[in-house]
Amino acid sequence: MRYVRAALIALVLVLGFVAGWPGRIPKMVRNWPEPWRSLALRIPPIQGAILAPFAPVASTFEVYSEDWPLFTGTGGTRYRMWVEGQDKKGRYTLLYRADDEEHRYRAATLEYRRVLNLWNPHHDYISDGYPEFARWLARRIFADFRRYQRVRVRMEEVRILPRGRGYAPTGHFVHEVTTTRAEARP
Amino acid sequence: MIERWVAFWDRREAPYSLALVRILVGATLLADLLQAELFGVVGLLWGPPPEGAGFGQRVAPVPLAMRVLGTSTETGSLLWAVAAVTCLLFTLGVAYRVSSLLLAFVMVELGHIQPVNDSIDVLLRIVVPVLALSQAAGAWSFDAWYRKRRGRPAVESIPAWPRYLIVLQLLWLYISAGHQRDAKTWGLRGGFAAIGNVLGDPHFARFEPGSLAALYPLMCLGTFWTMLFELSAPLYLLWLWLERNPERGGRFGAGVRRFRVRWWWLLSGMSLHGGIAAGMKIGLFPFGILALYPAFLAPVETLGVRAALARWVERARGRS
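In order, the protein sequences belong to chains A and B.
Numbering-wise, the first sequence is residues 36 to 221 according to the numbering used here.
Numbering-wise, the second sequence is residues 17 to 336 according to the numbering used here.
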């Protein structure tokens, strides 16, 4: 039993090490000189081949990698979410905006990390669940405010300023989802 | 060589460090789960469209609960409820083997169903099964209390390998994160601007972005320190080895022991995660990581820290 356990632990450590080879390798080695760049680019296929027999176990445990790219890049273009309700006259009212003390509709809920993960864009990527999130939020808003006929959720691109001076809004919006009262009904 | 490897993973120790990891991990995870209910988002996170954003985003493998109970908001709510209850039992160490395995299973099911998993979800899905295989309820638990009440001897020692694995997991997380950081903001080339940038992100900044600009040099120092801390993670094993072997390492080893390098590294990690929790709105991540920190301590050190904290509280009470 002792030997089996020690062997299993060794296997787990080796697989963990292989699974931990960075998925960002192509990006990381972009500026490396040859032949190092070509050599490094051979790693991902080898990694896949080694891990393939164990993939069913890993996916059963919903653990796909030992690669931890945490806060790899900061700065540049970021986003600021706006949530607005539109009344019958077509006027939009701002209900929630990230980093806005005046507009805090359901802020604690929206900023709860599991919900934030649904709507916070990561570079160009946004969660597959974002449209459902926007619809869910619209349902809440329609339930809370009878005057609104339409809810708009969108992300304003902002530019992070140097030397910790915050960010500058660009006025350019992306990931816009508009939901009418009729569309929000389950 | 093989014999030494087997003997290493066969070591035993008192249960206190793993018990503390169990309590902290369980408490932080429970708080996170309860927030989902408090904010009324259980259906959003674990319910299917059109009511929620769960299920359907990734269909393979189909979660067991989905196959047995069907794809519905009720299934998601039931899983959440089972997770909350088992998490409470796990924290208290009640019927530990069953509750911990059930918690590990439910966390995987919830992970399958929820639309986005962040790094702390993945980390805890790795750690909880390891804890489930440990005897982390050997102390400071209902099971230990009940055992004593029935007149059975207390658990004196438990296998140490789960604690070692958690330590290696944390070290690897730091190594992996440190090596992938973009030099344009985390390195000298970018003027160590990363933390200043993060504190300017409207989705994450806890304080008004730009309001701390006067402290920018400290932010750069923090960025540099973060990189130093993470990239030096492999050295933790060296600091630990030198501490455990007072006769080894010569003058270098003596210096490491004298200046308590290992403890300074751990304090750096705690301050890093404390700083993240204070400056950013990212929820469970820093608390979930800190919950694992007792794994870095040998049981006797855990007891020592506990005694020191008790003395500190006693003195504070005396002063007041």
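Yeah, the Cβ is synthetic: ideal placement off N, Cα and C, and Gly gets one too.
Only a predicted model underlies this, so the values are computations on that prediction, with no experimental measurement involved.
Within chain B, partners of residue i - CB distance below 8 Å
{"i": "Y202(A)", "result": "G216, D217, P218, P225, G226"}
{"i": "T144(A)", "result": "F55, G56, V57"}
For residue j and residue i, the rounded distance between their alpha carbons
{"i": "W156(B)", "j": "H289(B)", "result": "26 Å"}
{"i": "D48(B)", "j": "L300(B)", "result": "7 Å"}
{"i": "R28(B)", "j": "A314(B)", "result": "11 Å"}
{"i": "R38(B)", "j": "L147(B)", "result": "7 Å"}
{"i": "G206(B)", "j": "V101(B)", "result": "47 Å"}
{"i": "A142(A)", "j": "A170(B)", "result": "48 Å"}
{"i": "R77(A)", "j": "L129(A)", "result": "51 Å"}
{"i": "M263(B)", "j": "L256(B)", "result": "Note that residue 263(B) is Glu in the sequence shown here, rather than Met. Rounded to whole angstroms, E263(B) to L256(B) spans 13 Å at the Cα level."}
{"i": "A120(B)", "j": "T95(A)", "result": "12 Å"}
{"i": "E137(A)", "j": "Y127(A)", "result": "16 Å"}
{"i": "E222(A)", "j": "K123(A)", "result": "The shown model of chain A, from 36 to 221, leaves out residue 222(A), and the question about it has no answer."}
{"i": "R37(A)", "j": "P64(B)", "result": "45 Å"}
{"i": "R327(B)", "j": "W280(B)", "result": "21 Å"}
{"i": "Y147(A)", "j": "K200(B)", "result": "30 Å"}
{"i": "P166(A)", "j": "I142(B)", "result": "30 Å"}
{"i": "P218(B)", "j": "L237(B)", "result": "22 Å"}
{"i": "F208(A)", "j": "R113(B)", "result": "51 Å"}
{"i": "G109(B)", "j": "A35(B)", "result": "9 Å"}
{"i": "M296(B)", "j": "R222(B)", "result": "5 Å"}
{"i": "A111(B)", "j": "A229(B)", "result": "51 Å"}
{"i": "R194(A)", "j": "G125(A)", "result": "30 Å"}
{"i": "V98(B)", "j": "L85(B)", "result": "14 Å"}
{"i": "G291(B)", "j": "P302(B)", "result": "9 Å"}
{"i": "G199(A)", "j": "G226(B)", "result": "6 Å"}
{"i": "V47(A)", "j": "Q185(B)", "result": "11 Å"}
{"i": "R216(A)", "j": "G108(A)", "result": "39 Å"}
{"i": "H210(A)", "j": "K62(A)", "result": "26 Å"}
Residue i at chain B interface by Cβ criterion, 9 Å
{"i": "G108(A)", "result": "yes"}
{"i": "W71(A)", "result": "no"}
{"i": "L151(A)", "result": "yes"}
{"i": "D134(A)", "result": "yes"}
{"i": "A217(A)", "result": "no"}
{"i": "E97(A)", "result": "yes"}
Contact with chain A by residue i, beta-carbon distance below 9 Å
{"i": "L184(B)", "result": "yes"}
{"i": "E29(B)", "result": "no"}
{"i": "I142(B)", "result": "yes"}
{"i": "A99(B)", "result": "no"}
{"i": "N261(B)", "result": "no"}
{"i": "M286(B)", "result": "no"}
{"i": "Q130(B)", "result": "yes"}
{"i": "M82(B)", "result": "no"}
{"i": "V57(B)", "result": "yes"}
{"i": "E67(B)", "result": "yes"}
{"i": "L308(B)", "result": "no"}
{"i": "Y232(B)", "result": "yes"}
{"i": "Q151(B)", "result": "no"}
{"i": "A43(B)", "result": "no"}
{"i": "I174(B)", "result": "no"}
{"i": "W96(B)", "result": "no"}
Closer than 9 Å at the beta carbon, the chain B residues around residue i
{"i": "W117(A)", "result": "Residues of chain B passing the Cβ test: none, with the nearest at roughly 11 Å."}
{"i": "R227(A)", "result": "Examination of residue 227(A) is not possible in this model, given that chain A is present from 36 through 221 alone."}
{"i": "Y114(A)", "result": "D217, P218, H219"}
{"i": "D159(A)", "result": "Those within 9 Å of D159(A) in chain B number zero; the least Cβ separation is about 15 Å."}
{"i": "A173(A)", "result": "Those within 9 Å of A173(A) in chain B number zero; the least Cβ separation is about 11 Å."}
{"i": "I44(A)", "result": "W21, W25, W177, Y180, L181"}
Whole-Å CB distance - residue i paired with residue j, under 8 Å assumed
{"i": "V138(B)", "j": "V98(A)", "result": "6 Å"}
{"i": "E246(B)", "j": "G194(B)", "result": "3 Å"}
{"i": "L140(B)", "j": "G304(B)", "result": "6 Å"}
{"i": "W62(B)", "j": "Q130(B)", "result": "6 Å"}
{"i": "P31(B)", "j": "A152(B)", "result": "7 Å"}
{"i": "L153(A)", "j": "A160(B)", "result": "40 Å between Cβ atoms; not a contact."}
{"i": "R113(A)", "j": "Y202(A)", "result": "7 Å"}
{"i": "V186(A)", "j": "G120(A)", "result": "6 Å"}
{"i": "R115(A)", "j": "D134(A)", "result": "7 Å"}
Listed by chain order, chain A residues near residue i by CB distance under 7 Å
{"i": "K235(B)", "result": "A small correction: the amino acid at residue 235(B) is Met; Lys does not occupy that position in the sequence shown. Near M235(B) (Cβ distances below 7 Å), the residues of chain A are G199."}
{"i": "V338(B)", "result": "Here chain B comprises residues numbered 17 to 336, so residue 338(B) is not present and cannot be evaluated."}
{"i": "G290(B)", "result": "Simply none; closest approach about 16 Å."}
9 Å Cβ cutoff, residue i in contact with chain C
{"i": "V122(B)", "result": "Absent from the structure: chain C. Protein chains present are A and B."}
Proximal chain A residues relative to residue i, where beta-carbon distance stays under 8 Å
{"i": "T201(B)", "result": "G108, T109, G110"}
{"i": "S192(B)", "result": "G55, P57, E101, D102, W103, P104"}
{"i": "A210(B)", "result": "F106, T109, G110"}
{"i": "A229(B)", "result": "R198, G199, R200, G201"}
Chain A residues whose Cβ lies nearer than 9 Å to that of residue i
{"i": "W188(B)", "result": "G51, F52, G55, E101, W103"}
Where residue i meets chain B, residues with beta-carbon distance less than 7 Å
{"i": "G206(A)", "result": "Near G206(A) there are no residues of chain B at all, since even the closest Cβ is about 14 Å away, more than 7 Å."}
Mind listing, in chain order, the continuous alpha helix (DSSP H) runs of no fewer than 4 residues lying wholly within the stretch 63–135 of chain B? 80–85, 89–108, 112–129
Ranges of the alpha helix (DSSP H) found wholly within the stretch 151–218 of chain A, counting only runs of at least 4: 165–179
What ranges does the beta strand (DSSP E) occupy inside the stretch 84–119 of chain A, keeping only unbroken runs of at least 3 residues that lie completely in it? none
Completely contained alpha helix (DSSP H) runs for the stretch 179–224 of chain B, where each covers 4 or more residues: 199–202, 210–214
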